[in-house]
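For the record, the sequence lines run as chains A and B. Going by the working numbering, the first residue of the first sequence is number 10, and it counts up by one from there. Going by the working numbering, the first residue of the second sequence is number 38, and it counts up by one from there. Glycine residues also receive a C-beta, built at the ideal position from the N, C-alpha and C atoms. Below is one structure, written out as structure tokens, with a few remarks after it.
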Amino acid sequence: MFPLRVQGLAFRPERQTVLQDLDLDLSGDGISVILGPNGSGKTVLLRLLSGLLAPSAGRIDWNGRDQPNGRLAMVFQHPALLRLSVFRNVEFALAAQGGERAARHARTREVLERVGLAHRLDESARLLSGGERQRLALARAWALRPRMLLLDEPTASLDPSATEAVERIIREIRTDGAKILMTTHNLGQAQRLADDIVFLADGCVQEHVPVRRFFSQPQSPAARAFLQGELPWRIAFDR
Amino acid sequence: MTETLFEALRLVVVVDYQLLAIVALSLRVSLSALAIGVLIGVPVGAAIAVQRFPGRGALIVVLNAMMGLPSVVVGVIVYLLLSRSGPFGEFGLLFSPAAMIFAQTLLVVPLIAAVSRQIVEDAWNDYAPELTLIGVRRWDAVVLLIADCRFSLSLAALAGLGRAMSEVGAVMIVGGNIDGFTRVMTTAIALETSKGNLALSIALGMVLICLILMLNALAYGLRCWALRRVG
Ligand SMILES: Nc1ncnc2c1ncn2[C@@H]1O[C@H](COP(=O)(O)OP(=O)(O)OP(=O)(O)O)[C@@H](O)[C@H]1O
Ligand SMILES: [Mg+2]
Numbered sequence: 010m011f012p013l014r015v016q017g018l019a020f021r022p023e024r025q026t027v028l029q030d031l032d033l034d035l036s037g038d039g040i041s042v043i044l045g046p047n048g049s050g051k052t053v054l055l056r057l058l059s060g061l062l063a064p065s066a067g068r069i070d071w072n073g074r075d076q077p078n079g080r081l082a083m084v085f086q087h088p089a090l091l092r093l094s095v096f097r098n099v100e101f102a103l104a105a106q107g108g109e110r111a112a113r114h115a116r117t118r119e120v121l122e123r124v125g126l127a128h129r130l131d132e133s134a135r136l137l138s139g140g141e142r143q144r145l146a147l148a149r150a151w152a153l154r155p156r157m158l159l160l161d162e163p164t165a166s167l168d169p170s171a172t173e174a175v176e177r178i179i180r181e182i183r184t185d186g187a188k189i190l191m192t193t194h195n196l197g198q199a200q201r202l203a204d205d206i207v208f209l210a211d212g213c214v215q216e217h218v219p220v221r222r223f224f225s226q227p228q229s230p231a232a233r234a235f236l237q238g239e240l241p242w243r244i245a246f247d248r
Numbered sequence: 038m039t040e041t042l043f044e045a046l047r048l049v050v051v052v053d054y055q056l057l058a059i060v061a062l063s064l065r066v067s068l069s070a071l072a073i074g075v076l077i078g079v080p081v082g083a084a085i086a087v088q089r090f091p092g093r094g095a096l097i098v099v100l101n102a103m104m105g106l107p108s109v110v111v112g113v114i115v116y117l118l119l120s121r122s123g124p125f126g127e128f129g130l131l132f133s134p135a136a137m138i139f140a141q142t143l144l145v146v147p148l149i150a151a152v153s154r155q156i157v158e159d160a161w162n163d164y165a166p167e168l169t170l171i172g173v174r175r176w177d178a179v180v181l182l183i184a185d186c187r188f189s190l191s192l193a194a195l196a197g198l199g200r201a202m203s204e205v206g207a208v209m210i211v212g213g214n215i216d217g218f219t220r221v222m223t224t225a226i227a228l229e230t231s232k233g234n235l236a237l238s239i240a241l242g243m244v245l246i247c248l249i250l251m252l253n254a255l256a257y258g259l260r261c262w263a264l265r266r267v268g
């Protein structure tokens, strides 16, 4: 499945150009964080990789194949949780893979334990808070033992402690052997989690460098402008 | 006019054994048709919502149109099917409560299926990318979505109940309005009006409307209670 090699990828729905001639190489380990301004196509890129959208041009090469030969999971920015119990919301995903009922149930309990929802198995998923919903969605993806996990703004609109909990879970999933590719607008989070940064602007990858390098010496003008744009906010916040 | 109304009220208040029997049969016929209608209509509607097949659009148009199926036409069709010379004539079901249940089921199935199809399709549009990525097969999605939409789907059931309880054409034709055997509220109202017993007609009408109101209130209460627990 890895290395993942994206070449000349384009997404042009109806005269608009969202992505244009995008190249990206990803290795099979660590956490890669996609940064970029609103509307730069981060979500579209994740959807193209997951196969939910078809590219207008270019190719996605999973170590020589058109399709990933390992499991790929994705957690959407607004995860769809069914009007069922917390337990069932994870279990149905495992049921879709087949396998024994007892094993499914054990795995469901295990992941819910690891995201701190073990005591709420029978509650309705619709009554969970934003942070709990996100943890439940992560648990569902984790239960499938993905080789690659795509996360779209997993902590948007979460408070610092809920964010911390989600970041801890993301690290654990990585430790379990999943390659993680995620988007965020939280630069602190990018610094805490990322091994490398993919900076997206004007429809293509402007920069793909190790995290330290990106924040200390951004190369592209777009990345410098992006980081500077964040600066006034950070100074005001730190004061 | 006011005299008629007072007489109607008196008839409602004085509980009449005959009236009770008519009410009971109405409930039995319509609730049975509703139960069968839900068991068939909801899965059919949900399956059409999720599956893609040739002729799907045409099927949806026909199904939606069948929400307005004239009950007398259904009555005539069932009459032909069940009459002595018809394909199911040997069972001798014509002019029996079973025939009435059958006719009302035919009336409510398309209605429940059409409403369910829209409700489940809206949910499917929201969930499809995630469920597909998880690897949920379409038929399993049908089951999951029915469970997910169960509260909204109760509206489809209530619409079906209203249709069954209020129709007169089909039960009149296939039931025959036989006193003490196939007489239900709507056929009784039609008969009493034609005989000039307006007070009794109005009394029966009030009881029928109250009954439908009570069933809906019950369903609403149940739904609120369940929603508070499920969100
Ligand atoms: N399925 C689609 N079909 C057509 N256009 C789309 C589709 N999905 C997204 N777009 C367009 O692509 C552009 C990029 O959207 P995208 O959601 O990828 O941005 P983003 O980088 O994730 O932004 P944000 O940071 O706000 O989440 C938008 O202009 C959007 O309207
Ligand atoms: Mg986005």
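- Who does P219 of chain A pair with in a DSSP beta bridge? A:D205
- Message: Would you say the beta carbon of T223 of chain B is closer than 6 Å to some non-hydrogen atom of ligand 2?
- Response: no
- Given a threshold of 16 other Cβ atoms within 10 Å of its Cβ, counted over all protein chains shown, does M38 of chain B qualify as buried or as exposed? Counting Cβ neighbours within 10 Å, M38 of chain B comes out exposed, since fewer than 16 surround it.
- Query: Which of the residues in the segment 141-172 of chain B, read from start to end, lie with their CB under 8 Å from any CB of chain A?
  - Reply: So the close ones are D163, Y164, P166, E167, L168, T169, L170, I171 and G172.
- Could you check where the alpha helix (DSSP H) with F96 of chain A kicks off and where it finishes? V95 to A105
- Query: Are P166 of chain B and L61 of chain A closer than 7 Å when you measure CB to CB?
  - Reply: yes
- Message: In whole angstroms, give me the CA-to-CA distance for A245 of chain A and L236 of chain A.
- Response: The pLDDT assigned to A245 of chain A is 44, lower than 50, so where the model puts this residue is not dependable; a value taken from the coordinates is nonetheless given after this. Cα-Cα distance, rounded: 15 Å.
- Between the Cα of R175 of chain B and the Cα atoms of B:S191, B:L190, B:E158 and B:S189, which residue gives the shortest distance? Between R175 of chain B and the set B:S191, B:L190, B:E158 and B:S189, the nearest pair of CA atoms involves B:E158.
- What residues in the segment 101-121 of chain A bring their beta carbon closer than 8 Å to a beta carbon of chain B? Per Cβ criterion, the list reads F101, A102, A104, A105 and Q106.
- How would you call L57 of chain B, buried or exposed, if buried means at least 16 neighbouring beta carbons within 10 angstroms? exposed
- Message: Assuming A178 of chain B is part of the alpha helix (DSSP H), what are its boundary residues?
- Response: R175 to D185
- Query: Should M251 of chain B go down as buried or exposed, given a rule of 16 or more other Cβ atoms within 10 Å for buried?
  - Reply: exposed
- Near ligand 1, which residues have their beta-carbon less than 6 Å from any of its heavy atoms, given in chain order? A:P22, A:V27, A:G45, A:N47, A:G48, A:S49, A:G50, A:K51, A:T52, A:V53 and A:L62
- Can you name the residues of chain A whose CB is closer than 9 Å to the CB of V51 of chain B? Within chain A, no residue comes near V51 of chain B; the closest Cβ sits about 46 Å away, beyond 9 Å.
- Message: Taking 8 Å as the limit between beta carbons, can you name the residues of its chain near T230 of chain B, skipping five residues before and five after?
- Response: S238
- Kindly list the residues whose CB is nearer than 7 Å to the CB of W262 of chain B, restricted to its own chain and excluding five residues on each side of it in sequence; keep chain order. none
- Item | Burial state of N98 of chain A (16 or more Cβ within 10 Å) | It is buried - the Cβ of N98 of chain A has at least 16 other Cβ atoms within 10 Å.
- DSSP puts Q16 of chain A in a beta bridge; with which residues? A:R68
- 8 Å Cβ cut-off: residues of chain A touching A194 of chain B: Under the 8 Å cutoff, chain A gives no residues; its nearest Cβ is about 17 Å from A194 of chain B.
- Query: Would you say S133 of chain A reaches chain B, if we count a Cβ-Cβ gap shorter than 7 Å as a contact?
  - Reply: yes
- Task: Output, in chain order, the set of chain B residues within a Cβ distance shorter than 8 Å of N92 of chain A.
- Result: The residue asked about is misnamed: residue 92 of chain A is Arg in this sequence, not Asn. Result: A184, D185, C186, R187, F188, V267 and G268.
- Query: Got a sec: is the Cβ-Cβ distance from S59 of chain A to anything in chain B below 7 Å?
  - Reply: yes
- Which residues of chain B have a Cβ atom closer than 8 Å to the Cβ of L136 of chain A, listed in chain order? What L136 of chain A touches in chain B: V267 and G268.
- Whose C-beta lies closer than 6 Å to the C-beta of D131 of chain A among residues of the same chain, with five residues either side of it excluded? S94
- Task: Using a Cβ cut-off of 7 Å, pull out every chain B residue sitting near A89 of chain A, in sequence order please.
- Result: D163, Y164 and E167
- What in chain A is Cβ-close to R174 of chain B, meaning under 8 Å? A105
- Query: Are any of the Cβ atoms in chain B nearer than 7 Å to that of M83 of chain A?
  - Reply: yes
- Message: Between the alpha carbons of I43 of chain A and K51 of chain A, how many angstroms are there, rounded?
- Response: About 7 Å.
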